[in-house]
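Chemist: Sending over a structure as structure tokens; questions will come in a sec.
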Amino acid sequence: MNVPLPKYVERGPIHDVAWIPLKFFTDPRGWLVELFRNDLVPPAFHPVMAYVSMTKPGVARGPHEHVDQADYFCFTGPSTFRVCLWDARKTSPTFGQKEVREVGEGEPFALIVPSGVVHGYKNVGDKDGWVFNAANRLYAGWLKQEPVDEIRHEKDPNSPYQID
Ligand SMILES: Cc1cn([C@H]2C[C@H](O)[C@@H](COP(=O)(O)OP(=O)(O)O[C@H]3O[C@H](C)C(=O)[C@H](O)[C@H]3O)O2)c(=O)[nH]c1=O
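Each residue of the sequence shown is one higher than the one before, starting from 152 at the first, in the working numbering.
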């Protein structure tokens, strides 16, 4: 990454993957958590769109990879997600490495996933789980008129990328 990041931002094992701890500010009214800040995320990963998805308990999404897009996931709960990452970039210093981490409720983190890093997650909790994503490319391009930048490994039964 081309900007210095604070020490509390946790880097990979996978090159250019970053985990940003999210802090909940709780008071009698409830809580507030910052999801994204320009000063914490290198400009190449600044988002152009955002969405939130709900995944049922025991269900996985992915593994996918993007050719050009980077994802900026936030796991804030509800529920806990097991996140699996594989470095599929042949020119990367960490090509072939895998990382698995459980985040979400009780362990809230944002996660930068660069293009070429295969990623997927499973709701390993017992309730409907939410994941926020702020990607640095528009899904299906401007006004959804372009092909989706996504290689969907979950459709390949012989894929080396399996979410356990
Ligand atoms: C991502 C996206 C999807 N959609 C529509 C397309 C489908 O009709 C529906 C579900 O999308 P999809 O099947 O692509 O979602 P997943 O395969 O579960 O992918 C999700 O989980 C994996 C792990 C990820 O990395 C994706 O970013 C994340 O969205 O929402 C949109 O309209 N806009 C969007 O930005």
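Heads up, the beta-carbon is just placed ideally off N, CA and C, and yes, glycines get one too. It should be emphasised that the depicted structure is a prediction, and the values quoted were computed from it without experimental measurement.
Can you tell me which of 214, 257, 269, 230 puts its alpha carbon nearest to the alpha carbon of residue 241?
Modeler: Residue 241 has its Cα closest to that of 269, out of 214, 257, 269, 230.
Chemist: Using the Cα positions of residue 237 and residue 246, report the straight-line distance between them to the nearest angstrom.
Modeler: Roughly 8 Å between the two C-alpha positions.
Chemist: Please name the residue in 156, 220, 214, 212 whose C-alpha comes closest to that of residue 118.
Modeler: Since the first residue of the chain shown is 152 and the last is 315, residue 118 is not available in this structure.
Chemist: Tell me whether residue 212, by its Cβ, gets closer than 7 Å to a heavy atom of ligand 1.
Modeler: At least one heavy atom of ligand 1 is nearer than 7 Å to the Cβ of residue 212, so yes.
Chemist: Name the DSSP beta bridge partners of residue 314, please?
Modeler: Residue 314 is not bridged to any residue.
Chemist: Residue 165 bridges to which residues according to DSSP?
Modeler: BP columns for residue 165 are empty, so no partner.
Chemist: Can you tell me whether residue 227 is buried or exposed, with buried defined as 16 or more other CB within 10 angstroms of its CB?
Modeler: By the neighbour-count rule (16 or more Cβ atoms within 10 Å), residue 227 is buried.
Chemist: Would you say the beta carbon of residue 271 is closer than 7 Å to some non-hydrogen atom of ligand 1?
Modeler: True, at least one ligand heavy atom lies under 7 Å from that Cβ.
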